[in-house]
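Numbering (this note's numbering), first residue to last: 464 to 584. Reviewing the structure listed below.
What follows is the structure in structure tokens.
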């Protein structure tokens, strides 16, 4: 479990691709893992955290007040954003977007739609 947490932390905080995470684990921890094994581990972490993510989304929607926030970050030379806004009559809108994936997801609506990309991204 500690290995999964370390892989997820390195991916989330340092934004390293799977091949570099595998290289880091080999150099620092003497572990030989393929990039595919790293991707599989990240999928396991995502599945394990999905119930908690649903609980947070439900709590946000049920809350009478939510602090609005939109955070931008640069990933592979392109801007990505994520944020949450206060509940409205139609419900809370929590969105995440990623240029690498090319999509935007609205949790309140629960459907995916294409994201407009910047030139060169």
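Cβ atoms here follow ideal geometry from the backbone N, Cα and C, with glycine treated the same way. These figures come from a predicted structure and were not determined experimentally.
Proximal residues to residue i (C-beta, below 8 Å), its chain only, five neighbours per side dropped
| i | result |
| --- | --- |
| residue 493 | none |
| residue 479 | 473 and 487 |
Straight-line Cα distance separating residue j from residue i
| i | j | result |
| --- | --- | --- |
| residue 507 | residue 477 | 19 Å |
| residue 486 | residue 475 | 16 Å |
| residue 472 | residue 513 | 16 Å |
| residue 515 | residue 481 | 24 Å |
Beta-carbon contacts of residue i that lie in its chain and below 7 Å, excluding the five residues immediately before and after
| i | result |
| --- | --- |
| residue 467 | 504, 507 and 508 |
| residue 484 | 470, 473, 474 and 501 |
DSSP three-state assignment for residue i, whether helix, strand or coil
| i | result |
| --- | --- |
| residue 497 | coil |
| residue 524 | helix |
Residue span of the alpha helix (DSSP H) that contains residue i, given as start and end
| i | result |
| --- | --- |
| residue 469 | 465-477 |
Exercise. Okay, do the segment 490-505 and the segment 519-526 touch, 3+ Cβ pairs below 8 Å being the bar?
Worked result: no
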